[in-house]
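Notes for the one structure printed next.
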Amino acid sequence: MINFIRNYIKSMRLYYAFVTGIAGWLGMAFYEHIAESQFRTVEVVPSVEKKAVILILLFLSWGINQIINDLLGLKEDRINAPHRPMVTGELEPQKALFVSLALMVISMVITWVYLEPIAIIPEILGILLNILYEYAKGHGILGNVVFGLMITMCTAIGFLAAGPTQTPYFTSSRLSILIMVWIMNGLMTFYTFFKDYTGDKATNKRTLVVIFGLSKSRIIAVASAFIPTIAFLIIYNGNFIMARVNNIFLILAVLTVFLQIWTGVLYYKNPVGERTYYSLATNFRAC
Numbered sequence: 013m014i015n016f017i018r019n020y021i022k023s024m025r026l027y028y029a030f031v032t033g034i035a036g037w038l039g040m041a042f043y044e045h046i047a048e049s050q051f052r053t054v055e056v057v058p059s060v061e062k063k064a065v066i067l068i069l070l071f072l073s074w075g076i077n078q079i080i081n082d083l084l085g086l087k088e089d090r091i092n093a094p095h096r097p098m099v100t101g102e103l104e105p106q107k108a109l110f111v112s113l114a115l116m117v118i119s120m121v122i123t124w125v126y127l128e129p130i131a132i133i134p135e136i137l138g139i140l141l142n143i144l145y146e147y148a149k150g151h152g153i154l155g156n157v158v159f160g161l162m163i164t165m166c167t168a169i170g171f172l173a174a175g176p177t178q179t180p181y182f183t184s185s186r187l188s189i190l191i192m193v194w195i196m197n198g199l200m201t202f203y204t205f206f207k208d209y210t211g212d213k214a215t216n217k218r219t220l221v222v223i224f225g226l227s228k229s230r231i232i233a234v235a236s237a238f239i240p241t242i243a244f245l246i247i248y249n250g251n252f253i254m255a256r257v258n259n260i261f262l263i264l265a266v267l268t269v270f271l272q273i274w275t276g277v278l279y280y281k282n283p284v285g286e287r288t289y290y291s292l293a294t295n296f297r298a299c
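First residue of the sequence shown: 13, per my numbering; consecutive thereafter.
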């Protein structure tokens with residue numbers, strides 16, 4: 013039992029849990045902003061306890077779903093990640109899947125009883141999109157689209173679980189934030205495909221990097237770094253976001269743009285090899 017728990021936790025790869033956690037935190041923070049603003053209707057500032065529960069569920073959701081990813085991606089992981097417990101046989105797939113499914117049910121019960129029942133909808137969609145992603149990533153840009161949507165569900169969960177809100181649930185401002193999360197995470201996963209290039213190619217997983225090859229993909233890595241900035245400028249200048257930028261936002265925006273461009277440069281310089289893994293840190297920070 014101890015070995016199972018240890019290998020299950022290892023397979024959760026919680027050092028990446030901030031991907032779902034921060035995305036959900038963004039939605040919760042936006043809800044709290046509305047609850048304190050002139051646009052408030054029935055929104056109320058969530059308690060510290062409620063926010064803590066939401067964040068715990070969102071951060072853990074990454075690891076719980078990684079078990080499903082490992083199970084569905086065993087074929088390529090034997091090449092890309094041969095030391096993962098499920099690949100080595102240290103973690104029994106069926107038992108691990110049962111634990112993840114049980115934890116998902118517990119999460120939904122907590123959402124229904126303690127948080128907001130409507131948040132269960134993006135929870136279910138997120139789980140389904142995660143399953144779909146393992147197949148979609150073998151079909152070009154569809155993998156990026158699905159992954160981006162999957163992480164966007166975390167933002168929707170954070171917003172909807174934080175407290176009551178009236179219809180329409182998604183105004184132009186709210187949808188704009190979801191679109192930006194979608195784009196940035198879709199781009200983020202493009203960069204992660206570089207580290208999996210060898211295994212994906214060997215198992216005929218046609219990710220964008222496999223389709224275009226390393227030479228073209230490293231150029232795309234630099235060019236695509238500007239996509240989130242262009243998308244934001246279109247959304248902002250189109251007045252789809254009602255809030256206006258301030259000095260703090262500008263400082264963070266400059267930092268984000270720098271990290272995005274630097275991510276592209278890093279993958280251009282090192283599309284394969286050990287440093288490709290180290291570039292993931294910059295990639296995640298930019299997102």
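Every residue, glycine too, gets a C-beta built ideally from N, C-alpha and C.
This one's a predicted model, so the numbers in the text were calculated from it and none came from an experiment.
When the options are compared against residue i, the one with the closest alpha-carbon
i    : options                : result
N251 : P176, S185, T123, V56  : S185
M200 : P176, A168, L245, W274 : W274
A108 : K22, I253, I231, K213  : K22
F71  : K87, W37, V193, G33    : G33
I79  : W37, Q106, L245, S49   : Q106
V60  : M40, E146, W194        : M40
S188 : S227, M98, V125, M254  : M254
T215 : H151, M24, S112, W37   : H151
P240 : T167, A265, M24        : A265
T179 : Y28, R52, V31, R25     : R52
A47  : S227, P176, F261       : P176
T183 : Y43, T123, G155, F30   : Y43
Residue i in three-state terms, based on DSSP
i    : result
H95  : coil
R18  : helix
R218 : strand
Whole-number beta carbon distance between residue j and residue i, since they are thought to touch under 8 angstroms
i    : j    : result
L161 : L141 : 6 angstroms
V234 : V277 : 6 angstroms
R218 : Y279 : Incorrect: roughly 19 angstroms between the Cβ atoms, too far for contact.
T288 : F205 : At roughly 10 angstroms, the Cβ-Cβ gap does not stay under 8 angstroms, so T288 and F205 are not in contact.
A237 : Q272 : 5 angstroms
Whether residue i touches residue j by CB criterion (7 angstroms)
i   : j    : result
N19 : E88  : no
A35 : V257 : no
L67 : E146 : no
L26 : G75  : yes
> Three or more beta-carbon pairs under 8 angstroms between the region 162-182 and the region 130-150, yes or no?
Replying inline: A contact exists between the region 162-182 and the region 130-150.
>> Does the region 210-224 come into contact with the region 73-91, if we say contact requires no fewer than three beta-carbon pairs (one atom in each stretch) closer than 8 angstroms?
In response: By the Cβ criterion, the region 210-224 is in contact with the region 73-91, since at least three pairs of Cβ atoms, one from each stretch, lie closer than 8 angstroms.
> Pairing CB atoms from the region 119-126 with CB atoms from the region 44-57, are three or more of them under 8 angstroms?
Replying inline: Verdict: no, contact absent.
>> Closer than 8 angstroms is the cut-off here; do at least three beta carbon pairs connect the region 150-164 with the region 188-198?
In response: Yes, the region 150-164 touches the region 188-198.
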